[in-house]
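Have a look at the structure below, then the notes.
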Ligand code: BGC
Ligand code: BGC
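In our numbering, the protein residues as written are 697 to 1552.
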């Protein structure tokens, strides 16, 4: 047991959570400091089901249902049973596959859409649902024909669908402290999902994030388990309906999945898919808080986390999945895996993992691995690695849900209630509800001199890169997985913050103008500066320190300039979490944390501006559901509850009625510079710390620190050229011949294996001028014999000369070609023996490229 494990502290529970681990091990009096006998030291990952709660499953035993399930089960072949426990992704399977393999379910992951088109209209989603449904009940090759169910991440509304009204992400909903509102949002989300023929949403996320550096913090309502618990059951009921009502799971309702079981928000250093090194009591008291009311509300599925508890992957943890969740906590729905998460269980691969199944995973999420997994699982059932009873148990659980949901009688998705009723993606009532949610989610942190509410009949400037940017307002899990690569045209009917201000001032006889950079045509009476995090999802949002990335500082310049001109400034932060904002808080007269409000930006002007008669229109009611850091030194608040000293505590939020002044804050972030590195290796023509730029032929190596430079005896000449900013790129002219490579390199290896599984790419923004040599290769490296490179001349040659474009190389391709992506020391290697004139400005991880390379 490591010392850190015996004194685990958490952000929320305070001193209470500083439970000496020994107490848990049954040591009589830990306070006496008696050394625990070594022989008694228990495995820190040992599970004690008897200490867990035992919520009531809200369904009485139902003999008729059990009979239906048993009868159907008897008719099924072993192949059909194995099919039921596997879920494939629509990007990697066709309706014909469904017909042949009878999978129990399909999903559309964050990056998947009908025909691969993330902007596919709603009717194409519905049509695809019909096609998969028809294939699933097709019995022309024999079989029983069990209707499939389709799961999707409707995370903040039906967020994969263009045109759907999107609600604030959960971090913002947390600030509303309003369970009733949550129930309404859940009901509307279910309706939206139904219009496209989809049955199941992987929501709500009932995580209780304890470290805001985690890239999924915004998917959680709060760091406070009590608040999460007060929402979880209400939200599940909003989605699924009341367990005792006849329309439970039917009509306007969908199947819900609480996730990610367990302690996804408790991992060390807030690392996504990491390890929660905490005692079992903390697992139970903090991270399990939402599952209890969810089970009492009859949640039908629970998604098992990618992450680990004390070194054991949840996807393979029998003690938690079977003994605690199913037996002790009476959960009788089915467990579903996370995206190939089973492949991370020791001894498993994405297409082979009896361990997870035997530990209690009922349905594998096997997006692109379903085919191999099907074969292997079938083999394992036949040879006894997986017992038939275990398979029957999993299938029984899945069939129960399907019967309860009525899908055997429901007919094709398009014929079910709301199927094709696309006006229910964005009705005026939905917009009004979302706008109200935005209003309630805003937290006022400063309002010196009572600047707000402001008279709307004045001249107002809205500026900053978030001013007119619905994508930035909406964050990750929006149309695309990362929420990137979108513009306002992708959000028909939505209102940006600028749009809201424009309407409000116009209605009051005032005026408004908008610029990204703080410039204006007419001197404004008020400037609203909107800035913050750009969209991200999952591990791509993990931070080492709680600051905006180094390159995002333009808003500070804008605020300084406006202040110098004596224009009062309201700062609006768009972010998935609290961040260190002391400089911004100092610069602005008023400061609002707006989280990720979604498509109804008008909710912001509703609160900022007065009514015509000068009275308050809507006051601020939002209160922090995450405490706000005083400095940026990473894990700011779980550094120990003793030192718990947030700038603004949980529950903080000013109103127009109370005191609103904030005194100047220290501007020392207190962080070492090398911690600022974030998935970006080369930016604006220079390497990002701790990366460097190198030219080498193996024996002759030059580190390029200034330009112009020459390497390998003149073989490669390096100069600066412009891209986006002055001298924002480096140009490499390869003359003569002989081996030569340009590399972005670091002594410290980075682990990109999670990114590789998640379809993340290495993005290189580059251009070429003139001919491209036939032998040009692009690759990553990780020490002798461990890298991989891919032919690059065709891809590069196909790009127009003289124009910067972003090429994306899926990390998977390097992996397929033998690279060990868990220890990359060169994130870019460009190599040729020929002549070449090439420049690049950026090397970073991401998911949106002008040109994506295929692995072949
Ligand atoms: C995420 C889940 C999500 C699933 C399907 C996973 O990577 O962790 O939250 O439901 O993908 O998109
Ligand atoms: C999918 C997401 C998934 C992620 C896994 C992406 O390619 O689109 O749904 O959550 O991979 O990390």
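The beta carbon of each residue, even a glycine, is placed where N, CA and C say it ideally should be.
Nearest-angstrom Cα separation, counted from residue j out to residue i
i            : j            : result
residue 720  : residue 980  : For residue 720, the predicted model reports a pLDDT of 37, less than 50, meaning its position is unreliable and no value from the coordinates is stated.
residue 808  : residue 814  : 7 Å
residue 1231 : residue 1298 : 20 Å
residue 1553 : residue 872  : Not covered by the structure: residue 1553. The range shown for the chain is 697 to 1552.
residue 942  : residue 949  : 11 Å
residue 802  : residue 1056 : 20 Å
residue 1182 : residue 777  : 41 Å
residue 962  : residue 975  : 11 Å
residue 946  : residue 1179 : 30 Å
residue 1550 : residue 1216 : 45 Å
residue 1438 : residue 1413 : 11 Å
residue 951  : residue 902  : 16 Å
residue 1585 : residue 890  : The structure shown does not extend to residue 1585, since the chain is modelled only from 697 to 1552, so the question has no answer here.
residue 944  : residue 1094 : 16 Å
residue 1041 : residue 906  : 24 Å
residue 1499 : residue 912  : 36 Å
residue 1416 : residue 1074 : 58 Å
residue 710  : residue 1340 : With a pLDDT of only 40 at residue 710, under 50, the local geometry of the prediction cannot be trusted, and no value is derived from it.
residue 775  : residue 738  : 41 Å
residue 1185 : residue 845  : 31 Å
residue 1450 : residue 960  : 15 Å
residue 923  : residue 1022 : 24 Å
residue 1098 : residue 1146 : 56 Å
residue 1545 : residue 1506 : 10 Å
residue 1200 : residue 1214 : 20 Å
residue 1044 : residue 1453 : 14 Å
residue 753  : residue 1078 : 33 Å
residue 1087 : residue 896  : 22 Å
residue 1240 : residue 1328 : 9 Å
Cβ-Cβ distance between residue i and residue j below 8 Å
i            : j            : result
residue 1025 : residue 987  : yes
residue 1324 : residue 1360 : no
residue 1503 : residue 1491 : yes
residue 957  : residue 998  : yes
residue 1292 : residue 854  : no
residue 964  : residue 973  : yes
residue 1440 : residue 1523 : yes
residue 856  : residue 804  : yes
residue 1170 : residue 877  : no
residue 1288 : residue 1135 : no
residue 930  : residue 985  : no
residue 1465 : residue 1497 : yes
residue 1528 : residue 1428 : no
residue 969  : residue 1003 : yes
residue 1061 : residue 1035 : yes
residue 1143 : residue 1356 : yes
residue 1411 : residue 1394 : no
residue 1557 : residue 1237 : With the chain covering only 697 through 1552, there is no way to say anything about residue 1557.
residue 797  : residue 779  : yes
residue 1401 : residue 1391 : no
residue 800  : residue 849  : no
residue 1160 : residue 1227 : yes
residue 1029 : residue 1000 : no
Supposed contact pair residue j and residue i - C-beta distance, whole angstroms, cut 8 Å
i            : j            : result
residue 1244 : residue 1229 : 7 Å
residue 1265 : residue 1148 : So it is not a contact: roughly 11 Å between Cβ atoms.
residue 745  : residue 1020 : 5 Å
residue 885  : residue 935  : 7 Å
residue 887  : residue 1129 : Not quite, the Cβ-Cβ distance comes to about 11 Å (not below 8 Å), so this is no contact.
residue 966  : residue 910  : 4 Å
Any chain D beta carbon closer than 8 Å to residue i
i            : result
residue 1014 : You won't find chain D in this structure, because it holds only one protein chain.
Contact test: residue i Cβ vs ligand 4 heavy atom, cutoff 7 Å
i            : result
residue 1234 : Ligand 4 is not part of this structure, which contains only ligand 1 and ligand 2.
Cβ contact check for the segment 1100-1116 and the segment 1280-1296: 3 or more pairs under 8 Å: no
Touch test, the segment 1423-1434 against the segment 1375-1384, Cβ-Cβ under 8 Å, three pairs minimum: yes
Validate contact between the segment 1140-1160 and the segment 1195-1210 using beta carbons, cut 8 Å, 3 pairs: yes
Contact between the segment 1502-1522 and the segment 1467-1484 (3+ Cβ pairs under 8 Å): yes
Three-pair Cβ contact test at 8 Å for the segment 1312-1326 versus the segment 1348-1360: yes
Segment contact, 8 Å Cβ cut-off, at least three pairs: the segment 1456-1473 with the segment 1001-1011: no
Cβ contact (3+ pairs, closer than 8 Å) linking the segment 1053-1067 and the segment 778-795: yes
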